[in-house]
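Data first, discussion second: the structure below is written as structure tokens.
Residue numbers (this note's numbering), protein chains in the order written: chain A, 1 to 113; chain B, 1001 to 1113.
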């Protein structure tokens, strides 16, 4: 089945630094999504990407849907302590499936004040 | 309600016992999903319900797992004869038809001892 390779697995950065994480897949997805999960909570949607090549921003977050439809990255600029958490990429299989998402294993972000 | 509600939030059970986990989706959301998240891992798809269509059960790991949904409302995930490997957070999510990106509940943390 489809698998997403998400990297890095963890990151330790200083407050104010920029962060970049990415996901790659051997399969094509028609939608890429980025989620953040805080401890004890469910993942919360950050950014959704619907078209190959699309670049979308949400505040300090920027994400891109790769041209090949097999990869995506998420950048966080000027990190702050509340950015701490686990970030997941997710790909949605092409139409005709059950609209389920395939998730990466997450990038755990630690921000030192 | 305003969000996806899951109960109980925590469940400790003895190996071999059956457990039922409940999910109340956002009102009006026709799609409902169950995912499993083991400690430090990504989300693993279990089952998907969409309206009155036959559910996609392709992610259920064994016949000890089953789920039901009443119409477009409450869903229950049942695990029979629980095993220690079933220990995980079980997350429920819902979305509107054709919508992208789910809204997740906070999950049920299941511990099998």
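Note that CB positions come from ideal geometry on N, CA and C, so glycine has one too. All figures in this text were calculated on a predicted structure; none of them were measured in a lab.
*Classify residue 15 of chain A as helix, strand or coil using the three-state DSSP reduction.*
Reduced to three states, the DSSP call for residue 15 of chain A is coil.
*asked:* Cβ closer than 7 Å: which chain A residues qualify as neighbours of residue 1031 of chain B?
replied: 99
*Under 8 Å by Cβ, that's how I've got residue 1090 of chain B and residue 1060 of chain B pegged, so tell me the actual separation to the nearest angstrom.*
Contact doesn't hold; Cβ gap of about 12 Å is too wide.
*Under 8 Å between C-beta atoms of residue 79 of chain A and residue 102 of chain A*: no
_residue 82 of chain A (DSSP reduced to helix, strand or coil)_ = helix
*If you measure from the beta carbon of residue 1045 of chain B to each beta carbon in chain A, is any gap under 8 Å?*
yes
*Is the CB-CB distance between residue 35 of chain A and residue 45 of chain A below 8 Å?*
yes
*With distances taken between CB atoms, is the gap from residue 42 of chain A to residue 1071 of chain B smaller than 8 Å?*
If you check the CB distance, residue 42 of chain A and residue 1071 of chain B do not come in under 8 Å.
*Relative to chain A, which residues along the region 1003 to 1032 of chain B have a C-beta separation below 7 Å, given in chain order?*
1031
*Quick one: residues in its chain with C-beta nearer than 6 Å to the C-beta of residue 1018 of chain B, no 5 flanking neighbours on either side, listed in chain order?*
1080
*residue 42 of chain A at chain C interface by Cβ criterion, 8 Å*: Protein chains in the displayed structure are A and B, and chain C is not among them.
*Buried or exposed: residue 1038 of chain B, going by 16 or more other Cβ atoms within 10 Å of its Cβ?*
Residue burial is scored here from C-beta neighbours: residue 1038 of chain B has fewer than 16 other C-beta atoms within 10 angstroms and is therefore classed as exposed.
*Which two residues bound the contiguous beta strand (DSSP E) that contains residue 1036 of chain B?*
1031 to 1037
*From this set, A/15, A/65, A/11 and A/10, which residue's C-alpha is nearest residue 29 of chain A's C-alpha?*
A/65
_Per-residue DSSP class, three states only, for residue 54 of chain A_ = coil
*Over the uninterrupted beta strand (DSSP E) stretch that includes residue 37 of chain A, give me the two end residues.*
31 to 37
*For residue 71 of chain A, I'd like the list of residues in its chain whose CB is within less than 6 Å of its CB, leaving aside the five on either flank, ordered along the chain.*
24
*If we cut at 8 Å on Cβ distances, does residue 52 of chain A have a partner in chain B?*
no
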